[in-house]
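Enquirer: Before I ask anything, let me first share the structure, which is written out below as structure tokens.
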Amino acid sequence: MSEFKALDGTGAVAEAMRQINPDVVAAYPITPQTAIVQTFSEFVADGLVDTEFITVESEHSAMSACVGAAAAGARVMTATSSAGLAFMWEILYVAASNRLPIVMTNVNRALSAPINIHCDHSDSMGARDAGWIHLFCENAQEAYDTIIQAVRIAEHPDVLLPVMVLFDGFITSHAEERVEIFDDAKVKAFVGEYRPKYSLLDLDHPVTYGPLDFTDYYFEHKRQQVEAMRHAQKVILDVADEFAKTFGRKYGLFETYRLDDAEVAIVVSSSTAGTARAAVDKLRAQGAKVGLLKPRVFRPFPAQELAHALRHLKAVGVMDRAISFGSMGNAGPLFLELAAAMKIYDANVPMADFVFGLGGRDIVPSQIEGVFRDLLQVAKTGQVRELVTYLGVRE
Amino acid sequence: MAKGWKDLPIGGMILEAGNSAQYNTGAWRAFRPVRDASRCTNCMFCWVYCPDSSIRVKDEKMVGFDLLHCKGCGICANVCPVKCIEMHDEAEFGGSMEMVDEPGRAGGAK
């Protein structure tokens, strides 16, 4: 039987990790992720899991230990944030390129400088080309559900890629919510036993991981990673279907809210989607045809599906919690990629980007309502006055 | 023709032990070891020191070099106590991988 507990995002993830009972967790503390591995380390100390918990001296070492353990055939998990993720940089690529199905929570937090511990998405957005699958979560329940699915996605033989589970620092990580925790046995049955295809400890089938790979083979191995990413989309959907059948909640590549008959829509991921949903309801009650699309899967980017879901609109506003400095219009990464997708897949809709919430700056319903009003104006005139707006910045 | 991405093990993994023998690193060589067999004492220093296992030995005697794998580092020539191995410019051999092991060629016979 499921149980309902009062948990914050970190507690929900730690509970999922307890139920998954990974072979190895190697981690280094960093705000706001710390509570995940701290809580999990208590489970280890209390004998609730069989996990080998490796305390390391840095995130570079944490991801390195994860890579080594995963190559040895272990089911491996870790967690990080912000500068921690940045410090893993080199090894993020090693994990993906060696096709190691590591599952990592990254609690989204701004990057220094100036130093800031609060939420934005610049950390994981910077790692978007490292070869990991990126799954954004709106709340603690989604974080719990997604961690469980992530194990199955990462370890699928057609994928074998590491997965990052992402949610908002403090807003989701430290706000207590009502979270449904499934029966331990059901979660264990869902994730199943990990049978690694290639293990350094399989002495009957010795393998070499990560040899020198020069001009003659490197390119082919990158092409294989592309294929794994292509397979990932179907596997993500298949695992979501099985999850829905087993546990009752449905997930997809993205979630839409009152979008079908909308004239304008906001595209925003993570916790802000919850705020946007309330803004949609308020404006709908006033007769405005507004809707919402909440991306869940950012890598692999479901370009065609997104364009198809948005093509009927008269204006689309993307809300980005990161800036790609020096890019077109100094916009956010979500906007840049979605704008390209809309063009390529023939969805000719005026678009604007609204960068918000950097360094944890609050985003309130009235601001989102303001975005909708801007979009309604764009729909009326067909003109985008500002390609990129920085919401709530003092002039 | 090297295999395409569909046929290669993922992630550059090597699934068969000992397959470095299939990788002919001799093409990297800029200098080729040449031995004066008449002066060789079969002390096996070259065999011990060769980092590429490219010293051929038969019946406890040094019989030449595995030129498909010798990278031409020159360690054998350096450690040889009687200096019967000499490094020659690879260009002298016109790309031939045939083993050159002639008396008088090494050891100042020029």
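Protein chains in written order, with this note's numbering: chain A, 49 to 443; chain B, 437 to 546. Note that beta-carbon positions come from the ideal geometry of N, C-alpha and C, so glycine has one too.
(1) Just mark alanine 542 of chain B as buried or exposed, buried being the case when its beta carbon has 16 or more other beta carbons within 10 Å.
(2) When the cut-off is 8 Å and only beta carbons count, does glycine 500 of chain B lie next to chain A?
(3) Determine, for tryptophan 441 of chain B, whether the minimum Cβ-Cβ distance to residues of chain A falls below 8 Å.
(4) Could you check if lysine 342 of chain A is buried or exposed, using at least 16 other CB atoms within 10 Å of its CB as the buried criterion?
(5) Going along chain B, which residues have a C-beta under 7 Å from aspartate 261 of chain A?
(6) Would you check if the segment 69-84 of chain A and the segment 172-182 of chain A touch, i.e. whether three or more CB-CB distances between them fall below 8 Å?
(7) Would you list the one or two residues that DSSP bridges to proline 469 of chain B?
(8) Where does tyrosine 242 of chain A fall in DSSP's three states?
(9) Which residue from B:Trp483, B:Lys497, B:Pro445 puts its Cα closest to that of valine 415 of chain B?
(10) Just mark glutamine 272 of chain A as buried or exposed, buried being the case when its beta carbon has 16 or more other beta carbons within 10 Å.
(11) Just tell me which of A:Val312, A:Asp410, A:Lys428 has its CA closest to the CA of threonine 323 of chain A.
(12) With DSSP collapsed to three states, give me the class of glutamate 443 of chain A.
(13) My understanding is that valine 426 of chain A touches alanine 400 of chain A, with C-beta atoms under 8 Å, so please give their C-beta distance in whole angstroms.
(14) Since isoleucine 195 of chain A is in the beta strand (DSSP E), which residue starts that stretch and which ends it?
(15) Using only CA atoms, which one of A:Pro162, A:Ser170, A:Ser112, A:Ser129 lies nearest to alanine 144 of chain A?
(16) For the alpha helix (DSSP H) containing aspartate 450 of chain A, name the first residue and the last one.
(17) Say whether chain A places a C-beta atom closer than 8 Å to the C-beta of leucine 444 of chain B.
(18) Pull up the distance between the alpha-carbon of valine 142 of chain A and that of glutamine 281 of chain A, whole angstroms please.
(19) In chain order, what residues of the same chain lie with their CB nearer than 8 Å to the CB of glutamate 443 of chain A, ignoring the 5 residues before and after it?
(20) What span of residues does the beta strand (DSSP E) with tyrosine 305 of chain A cover, start to end?
(21) Taking 8 Å as the CB-CB cut-off, is aspartate 168 of chain A touching chain B?
(22) For phenylalanine 373 of chain A, does the count of other Cβ atoms within 10 angstroms reach 16, so buried, or fall short, so exposed?
(23) Considering just the uninterrupted stretch of the beta strand (DSSP E) at proline 343 of chain A, what are its terminal residues?
(24) Between glycine 540 of chain B and chain A, is any beta-carbon pair separated by less than 8 Å?
(25) Taking the continuous alpha helix (DSSP H) assigned at lysine 439 of chain B, which residues delimit it?
Expert: The structure says:
(1) As a first step, residue 542 of chain B is located in the second sequence; it is residue number 106 there, counting from the start. Since pLDDT at alanine 542 of chain B reaches only 42, below the 50 mark, its modelled position is unreliable, and the value read off the structure follows with that caveat. Burial call: buried.
(2) For the purposes of this step, residue 500 of chain B is taken as the residue at position 64 of the second sequence. By this cut-off, glycine 500 of chain B is not an interface position.
(3) Against the second sequence, residue 441 of chain B aligns to sequence position 5. Yes, its Cβ sits closer than 8 Å to a Cβ of chain A.
(4) For the purposes of this step, residue 342 of chain A is identified with residue 294 of the first sequence, where counting begins at 1. Counting Cβ neighbours within 10 Å, lysine 342 of chain A comes out buried, since at least 16 surround it.
(5) Translated into the one-based positions of the first sequence, residue 261 of chain A becomes position 213. When 7 Å is used as the limit between beta carbons, aspartate 261 of chain A is near these residues of chain B: Gly448, in chain order.
(6) Contact between the segment 172-182 of chain A and the segment 69-84 of chain A is not established, with fewer than three Cβ pairs separated by less than 8 Å.
(7) In the second sequence, counting from the first residue as 1, residue 469 of chain B sits at position 33. Paired residues: B:Met523.
(8) The sequence position of residue 242 of chain A within the first sequence is 194, counting from 1. For tyrosine 242 of chain A, the secondary structure class from DSSP, reduced to helix, strand or coil, is coil.
(9) Because residue 415 of chain B is not part of the residues shown, which for chain B are 437 to 546, the question remains open.
(10) Locating residue 272 of chain A in the first sequence gives position 224, counting from the first residue. By the neighbour-count rule (16 or more Cβ atoms within 10 Å), glutamine 272 of chain A is buried.
(11) Reading the first sequence from its first residue, position 275 is the one you call residue 323 of chain A. For threonine 323 of chain A, the nearest C-alpha among the options comes from A:Asp410.
(12) Residue mapping note: residue 443 of chain A aligns to position 395 of the first sequence, counting from 1. Glutamate 443 of chain A falls in the coil class under three-state DSSP.
(13) Reading the first sequence from its first residue, position 378 is the one you call residue 426 of chain A. Reading the first sequence from its first residue, position 352 is the one you call residue 400 of chain A. In this structure valine 426 of chain A touches alanine 400 of chain A by the C-beta definition: roughly 7 Å separates them, less than 8 Å.
(14) Position 147 of the first sequence holds residue 195 of chain A. Per DSSP, isoleucine 195 of chain A belongs to no beta strand (DSSP E); it is in the alpha helix (DSSP H), 188-203.
(15) Taking the first sequence and counting its residues from 1, one reaches residue 144 of chain A at position 96. Nearest C-alpha to alanine 144 of chain A: A:Ser112.
(16) Nothing can be reported for residue 450 of chain A, as the shown portion of chain A is limited to 49 through 443.
(17) Position 8 of the second sequence, counting from 1, holds the residue named residue 444 of chain B. So yes, leucine 444 of chain B belongs to the interface.
(18) Walking along the first sequence from the start, residue 142 of chain A turns up at place 94. Walking along the first sequence from the start, residue 281 of chain A turns up at place 233. Cα to Cα, valine 142 of chain A sits roughly 22 Å from glutamine 281 of chain A.
(19) Reading the first sequence from its first residue, position 395 is the one you call residue 443 of chain A. Around glutamate 443 of chain A: no qualifying Cβ.
(20) Position 257 of the first sequence, counted from the first residue, corresponds to residue 305 of chain A. Where tyrosine 305 of chain A is concerned, the enclosing beta strand (DSSP E) stretches over 302-305.
(21) Taking the first sequence and counting its residues from 1, one reaches residue 168 of chain A at position 120. At a cut-off of 8 Å between C-beta atoms, aspartate 168 of chain A does not count as an interface residue with respect to chain B.
(22) To locate residue 373 of chain A, count along the first sequence from 1; it is residue 325. Taking all protein chains in view, the Cβ of phenylalanine 373 of chain A is surrounded by fewer than 16 other Cβ atoms within 10 Å, so the residue is classified as exposed.
(23) Against the first sequence, residue 343 of chain A aligns to sequence position 295. Where proline 343 of chain A is concerned, the enclosing beta strand (DSSP E) stretches over 338-343.
(24) Taking the first residue of the second sequence as 1, we reach residue 540 of chain B at position 104. Since pLDDT at glycine 540 of chain B reaches only 40, below the 50 mark, its modelled position is unreliable, and no value is offered.
(25) Working through the second sequence from its first residue, we reach residue 439 of chain B at position 3. Unbroken run through lysine 439 of chain B: none, as it is neither H nor E.
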